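Each remark here refers to the structure printed beneath this line.
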Amino acid sequence: MNVRTGLLTGGGAVAGTVLMLSLGWGLQHAAMTSPHLLGHPAPPLAIQPAAGGQVSLAQLQGKPVVLNFWASWCGPCAQELPVLSAARESNPQVDFVGAAMQDTSGGVEAFEKSHSHPYPVGPIVGGSYQSYGVVGPPATVFINAQGVVVASFSGPLDAPTLAHYLALIAP
Amino acid sequence: MILAYLGSGALLAALIMAGFAALLSFWAGWVENLVMIQVGRRAFYAAAALVVCASVVLEAGLLTHDFSLAYVANHTDLATPMPLVAAAFYGGQEGSLLYWTLVLGLLGSASLVASASLGPRLAAYAAAVLASIATFFLVVLVLVASPFDLLFVTPPDGLGLNPVLRDGGMLIHPPVVLAGFASFAIPFSFAAAALLANRADAGWIAHTRRYALVAWSLQSAGLLLGMWWAYHVLGWGGYWGWDPVENVALMPWLATTAYLHSSQVQERRGRLRAWNFGLVILAFLLVVFGTFIVRSGVVPSVHTFAISAIGPWFFAFLGMCLVFALVLLGLRAGGLKSAGRPAAAVSREGAFVLQNMLLIGAVAVVLWGTVLPLVSGLFGQERVVGESYYDRAAGPLFVLILGLMAAGPLLPWRRAGRTSLRALRWPLVAAAVMAAFMMVAGVRSLPALLAIPLALAAAVTCVVEFGRAIAKGRLAPIISRRRRYGAYLAHIGLVVVVVGVAASHFWQQEKDVTLTPGQQVSIGGYQLTYAGMEQRQLADHSELVAAMRFGDRTLEPARATYAGLGGQSLTHVAISTTATADVYVIFAGANSDGSASFRILVNPMVSWIWAGGIVIILGVVLGNVGQRRAAPVPVLTPAPLAAPS
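So, in structure tokens, the structure goes:
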């Protein structure tokens, strides 16, 4: 093996190692979705909580936001609710918003009676879940204080995964 | 129930056969035992035949609606039209892995049948590498992702195919892309076998080049069909979004494009041998990397399969392939000394070397953009790059490649004399005239002023070459050297694609509007009138259809809702296509006051992309089908400086 081959093989080995370590790290962390949004301003979205009025992302600008798309009929959404509620308690600097999708207002009210959310939830009245590339609930989008989408996750969140993404928007 | 046992049995038997073929072929190649080499190869054929049986069983399960099979219940239902039920074979994770293995088995068998002339040792090692790859896929199919898993209770109906996949394109896009991916294993196996057997002669390169060309053609078709699918089915207004799934399909294509050119340097001048091995191996490693990325869901993508247990398996497989390739190249590349001296920088060889550097540079740019979320995540803060990164980093490389497409074919192999440089005047004049015309027309975008004139120059170069051949002896020279002229035709096709991409990229117009019935909107000189909307009930979904009058036609963009799938909703775009522009209407939603919101785009010359794609495939097919053996003339002695060869 001459020097040039050695250098090339060595370079390949280093690049391959970094690549494999990165992919391994990726396997340890849950996948995100909606790449077109990442790094871009969050599309406008507003919900109408049962208490009245509207909560829109524009009003929340300046604070990090966890935007959770859910539905009253969706089992995994109920499953992740305690995780979201606990994170809401321990991260007062972060706003949480629950946007009900593919749902009825009656369904949302009934769900609230049995499993109340500790943050504003309601049907989407401005913008759409499609603009976030969400296909089905639950899906969660993480928006930083500048209003930029930093990460998104589809499927029910568990506590370590949520903590990982929260650290991205509220370091 | 019986189908599950038949299918699982066939897969298990195929696994045993493939594992046996791998071990036996390695050993038999090592000791050059001709009988055992033959046995090893036949064991690979047997494994391939068993994979065919498993595929037939799965297809039978789908077509007979055997919902006792979890795969059938998860990906089809009674309402799904039959062609799509058949296509669900590759619509889910497990089935698509089986399809991958099927293509590997069939193409691998074909390549082994045709490998007799390469000598028993090389053929044995190739069979061993192919069988090892097949063994890995069969292990995953048997242990982790079996399409023959049974449900405890047989449901009366299935869940149905993902709505995005319920499209006619489903019948052609996924099988071509998956076949493209699988086929890169064939040139890789023969490259690895040649390194193991320490051989790098003309026979090897002709054989490998033929299968690299098959893989490249399938991948070209797959990429184009993917773009067509994104444009017509996903309905976001574009055809290429630098999504990881697109990137991982593009990278092996770029690496193989480099190989198809640099292999000519080896054929004609005996040079770049180690480099050519490196490119073939790189293309396959990129395929394994891409398969891992798409199937593990580690990076954000529109296109990942559901996150599943197979990620770590592909991670381990990629690691093994990387180590195998690096060790093999490290041990053998030193011995692959080039036969001749390097040619002058301004020569055909110089142009190919520079083109290879640019293509590999483009691979590096795309790879970095794809893995950045992971590399940056590993070191702290996750970062992603957007379209502008690719435009700025890969754009200049692609522009330079266009320049080389214009100049390279007119340069002679050894050294460019004055006569051959004079041949460059036609493309230069064409580029200058085009650039001046665009400036006068008011175009000020530098990328557009570079890309389109250079594309025209590349086309003029090919036309000049065709003209010269016809002037010499009508069609006879074109037919007798059809590999070369087929390549020029492919270049012309690529130029047409580039013009379509450039026009739609630089001059796309877009408007978001909310209209009440009867209201008009005008965009890019086109007038559209919103006529109203209606609800339609179809077999498996309902559609809210908006009617948009456009000239004497009515465009009908719609929102489809699939009640059976938790109310999943999907956009159906309406497109009016002409040679100059597409009018592309997306129905964003209906409002309570009777108005409707639309996003309307005018995408110039998108149809050129599809037309150019067809010309590329045609060029490659016409240039290579029926060509028994590529026999270009080696240029090892000094060539006359007069006319370009």
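Protein chains in written order, with the working numbering: chain P, 1 to 171; chain W, 172 to 816.
Ideal Cβ positions, reconstructed from N, Cα and C, are used throughout, including at glycine.
Every value quoted in this text rests on a predicted model; they were computed, and no experiment measured them.
Which residues DSSP lists as bridging residue i, in chain order
i, result
"Asp-562/W", "Paired residues: none, contrary to the question."
"Gly-122/P", "Ala-99/P"
"Ala-817/W", "No answer is possible for residue 817/W: it lies beyond the span of chain W, which begins at 172 and ends at 816."
"Gly-703/W", "Ala-718/W"
"Lys-682/W", "Ile-771/W"
"Pro-178/P", "Not covered by the structure: residue 178/P. The range shown for chain P is 1 to 171."
"Val-148/P", "Pro-41/P"
"Ile-694/W", "Tyr-697/W"
"Val-240/W", "A quick correction: the sequence has Leu, not Val, at residue 240/W. Answer is Leu-321/W, bridged to Leu-240/W."
"Gly-760/W", "Ser-768/W"
"Ser-154/P", "Ala-139/P"
"Ala-87/P", "According to DSSP, which records beta bridges pairwise, Ala-87/P is partnered with nothing at all."
"Thr-748/W", "Asp-753/W"
"Arg-639/W", "Answer by DSSP bridge pairing: none, since Arg-639/W is not bridged."
"Trp-70/P", "Ala-100/P"
"Arg-724/W", "Phe-721/W"
"Ser-286/W", "According to DSSP, Ser-286/W bridges with nothing at all."
"Val-55/P", "Ile-47/P"
"Gln-708/W", "Ser-713/W"
Whole-number beta carbon distance between residue j and residue i, since they are thought to touch under 8 Å
i, j, result
"Leu-366/W", "Leu-499/W", "5 Å"
"Gly-329/W", "Thr-247/W", "5 Å"
"Trp-484/W", "Val-315/W", "6 Å"
"Val-150/P", "Tyr-119/P", "Going by Cβ atoms, the distance from Val-150/P to Tyr-119/P rounds to 19 Å, so no, they are not a contact pair."
"Ser-280/W", "Tyr-382/W", "In fact, because the Cβ distance is near 12 Å, the residues do not count as touching under 8 Å."
"Val-744/W", "Val-756/W", "7 Å"
"Ile-623/W", "Ala-673/W", "5 Å"
"Leu-568/W", "Val-536/W", "7 Å"
"Gly-657/W", "Val-791/W", "6 Å"
"Leu-229/W", "Pro-318/W", "5 Å"
"Gly-449/W", "Arg-466/W", "About 26 Å; that fails the 8 Å criterion."
"Ile-694/W", "Lys-682/W", "5 Å"
"Ala-401/W", "Gly-461/W", "Not a contact, Cβ separation roughly 17 Å."
"Leu-575/W", "Leu-620/W", "Actually they do not touch by this definition, with Cβ atoms about 18 Å apart."
"Arg-818/W", "Gly-794/W", "With chain W running from 172 to 816 in the structure shown, residue 818/W is simply not present."
Self-check item: Near-chain P residues of the stretch 549–565 of chain W - C-beta to any C-beta below 7 Å
Solution: In summary, the residues of the stretch 549–565 of chain W whose CB is separated from some CB of chain P by less than 7 Å are Leu-549, Glu-553, Val-555 and Gly-557, in the order they occur in the chain.
Quiz item: Are three or more beta carbon pairs between the stretch 399–410 of chain W and the stretch 370–385 of chain W nearer than 8 Å?
Solution: When Cβ pairs closer than 8 Å are counted between the two stretches, the stretch 399–410 of chain W is seen not to touch the stretch 370–385 of chain W, the count staying below three.
Practice problem: Anything in the stretch 481–497 of chain W with a Cβ closer than 9 Å to a Cβ of chain B? List those residues in chain order, please. | Solution: The chain labelled as chain B is not found among the protein chains of the depicted structure, namely P and W.
Quiz item: According to a CB-to-CB cut-off of less than 9 Å, which residues of the stretch 748–763 of chain W neighbour chain P?
Solution: So the close ones are Ala-759 and Gly-760.
Quiz item: Which residues, in chain order, does the stretch 664–698 of chain W contribute to contact with chain P at a C-beta distance below 9 Å?
Solution: So the list is empty, because no residue satisfies the distance condition.
Practice problem: Taking 8 Å as the threshold, find out whether the stretch 17–29 of chain P comes into contact with the stretch 536–545 of chain W through three or more Cβ pairs. | Solution: At 8 Å Cβ cutoff, the stretches touch.
Quiz item: Should the stretch 311–324 of chain W be called in touch with the stretch 378–394 of chain W, which here means at least 3 C-beta pairs below 8 Å?
Solution: Judged by Cβ distances under 8 Å, the stretch 311–324 of chain W makes no contact with the stretch 378–394 of chain W, as fewer than three pairs qualify.
Quiz item: Counting pairs of Cβ atoms below 8 Å between the stretch 606–616 of chain W and the stretch 561–568 of chain W, do you hit three or more?
Solution: No: fewer than three Cβ pairs fall under 8 Å.
Practice problem: Check each residue of the stretch 9–23 of chain P: if its Cβ is closer than 8 Å to any Cβ of chain W, include it; give the result in chain order. | Solution: Residues Thr-9, Gly-12, Ala-13, Gly-16, Val-18, Leu-19, Met-20, Leu-21, Ser-22 and Leu-23.
Quiz item: Going along the chain, which unbroken runs of the alpha helix (DSSP H) with 4 or more residues stay wholly within the stretch 317–348 of chain W?
Solution: Counting only runs of 4 or more, we get nothing.
Practice problem: Any chance you could list the alpha helix (DSSP H) runs of at least 4 consecutive residues sitting entirely within the stretch 387–419 of chain W, in chain order? | Solution: Scanning the stretch 387–419 of chain W for uninterrupted alpha helix (DSSP H) segments of 4 residues or longer gives nothing; none is fully contained.
Exercise. Taking 8 Å as the threshold, find out whether the stretch 191–209 of chain W comes into contact with the stretch 299–315 of chain W through three or more Cβ pairs.
Key: They touch, by the three-pair rule.
Quiz item: Which residues, taken in chain order from the stretch 382–394 of chain W, show a beta carbon closer than 9 Å to some beta carbon of chain P?
Solution: Going along the stretch 382–394 of chain W in chain order, one finds no residue with a Cβ nearer than 9 Å to chain P.
Quiz item: Contact between the stretch 349–356 of chain W and the stretch 269–276 of chain W: three or more CB pairs below 8 Å?
Solution: Enough Cβ pairs lie closer than 8 Å, so yes.
Quiz item: Given 8 Å as the limit, is there contact between the stretch 523–537 of chain W and the stretch 432–441 of chain W, that is, 3 or more CB pairs closer than that?
Solution: Flag = yes, the stretch 523–537 of chain W and the stretch 432–441 of chain W touch.
Quiz item: Along the chain, which unbroken stretches of the beta strand (DSSP E) at least 3 residues long are found entirely within the stretch 574–633 of chain W?
Solution: As far as the stretch 574–633 of chain W is concerned, it has no whole beta strand (DSSP E) run of at least 3 residues.
Quiz prompt | In chain order, each alpha helix (DSSP H) run of at least 4 residues that lies wholly inside the stretch 244–270 of chain W | solution = Correct list: 253–258.
Quiz prompt | Cβ contact (3+ pairs, closer than 8 Å) linking the stretch 285–297 of chain W and the stretch 223–240 of chain W | solution = These segments do not touch.
Quiz prompt | Touching by the beta-carbon criterion (3+ pairs, under 8 Å), the stretch 154–169 of chain P and the stretch 172–182 of chain W | solution = The stretch 154–169 of chain P vs the stretch 172–182 of chain W: no contact.
Quiz item: Do the stretch 630–637 of chain W and the stretch 763–770 of chain W make contact, defined as three or more Cβ pairs closer than 8 Å?
Solution: As far as the Cβ criterion goes, the stretch 630–637 of chain W does not touch the stretch 763–770 of chain W, which means the pair count is below three.
Self-check item: Cβ contact (3+ pairs, closer than 8 Å) linking the stretch 56–68 of chain P and the stretch 139–149 of chain P
Solution: Taking 8 Å as the limit for Cβ pairs, the verdict is that the stretch 139–149 of chain P does touch the stretch 56–68 of chain P.
Self-check item: Inter-stretch contact at 8 Å, needing at least 3 Cβ pairs: the stretch 130–142 of chain P / the stretch 69–88 of chain P
Solution: They touch, by the three-pair rule.
Quiz item: What residues in the stretch 40–59 of chain P have a beta carbon less than 7 Å from any beta carbon of chain W?
Solution: Listed by position along the chain: nothing, the set is empty.
Quiz item: Along the stretch 532–547 of chain W, what residues have a CB closer than 7 Å to any CB found in chain P?
Solution: Those would be Val-542, Leu-545 and Val-546, in chain order.
Quiz prompt | Touch test, the stretch 43–53 of chain P against the stretch 80–94 of chain P, Cβ-Cβ under 8 Å, three pairs minimum | solution = Cβ pair count under 8 Å is below three, so no.
Self-check item: Three CB pairs or more closer than 8 Å across the stretch 775–790 of chain W and the stretch 699–718 of chain W
Solution: Counting Cβ pairs under 8 Å, fewer than three are found: no touch.
Quiz item: Just by C-beta distance, which residues in the stretch 67–90 of chain P are closer than 9 Å to chain W?
Solution: Those residues of the stretch 67–90 of chain P placed with their C-beta closer than 9 Å to a C-beta in chain W are Ala-71, Trp-73 and Cys-74, ordered along the chain.
Exercise. May I ask you to verify whether the stretch 257–270 of chain W touches the stretch 218–232 of chain W, counting CB pairs closer than 8 Å and requiring at least 3?
Key: Flag = yes, the stretch 257–270 of chain W and the stretch 218–232 of chain W touch.
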